[in-house]
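Those letters in the sequence shown? Residues 23 to 135, by the numbering used here.
Glycine is no exception: its CB is placed at the ideal position from the N, C-alpha and C atoms.
Take a look at the structure set out below.
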Amino acid sequence: KSTADWQDQPTDEIMIWLNRQGGAGPLGTKYGSVSLGGAMWDIYQGDIGWKVYSFVRQTNTTKASLNLDDFTQALVRRKLLSNDKYVSGIESGTEVFKGTGRLDTKSYSVNIG
């Protein structure tokens, strides 16, 4: 299928964890590690009705400038993600799993092309 429609459920989700604190963790089990964007990342794979791939930075940071294609291609090289997939949405946020949380975003931009 070459186009998505609003009724489609995602088949894959990629999460990029810049910072991990307070016992929070990604879904699934650790698959491996990769060096991307000048940092080491652990890759986790889980399933919630669709595949969830989480890249967890091994050292916490509060700033990043990343090429999302580097992350998708890391999954393609490991045969976890098909190269014919396309991006249907991009989000930024925090995963509050207990209590309250706060996220201050000073800049957020996405360039596609």
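Using only alpha-carbon positions, find the residue among Gln-31, Ser-131 and Leu-125 that is nearest to Asn-89. Ser-131
Would you report the Cα separation of Lys-23 and Ile-36, rounded to the nearest angstrom? Bear in mind that a pLDDT of 48 at Lys-23, under 50, signals an unreliable position, so the model cannot answer this.
Measure from the alpha carbon of Val-78 to the alpha carbon of each residue in Thr-51, Trp-39 and Asp-30, then state which is nearest. Trp-39
Is the segment 47–64 close to the segment 80–97, with three or more CB pairs under 8 Å? yes
Beta-carbon proximity list for Val-98, same chain, < 7 Å, skipping 5 on both sides: Asn-105
In this structure, what does DSSP give as the bridge partners for Gly-54? Ile-65
Is the beta carbon of Trp-63 sitting closer than 9 Å to the one on Gln-43? no
When the Cα atoms are used, what is the spatial distance from Asn-41 to Thr-33? 25 Å
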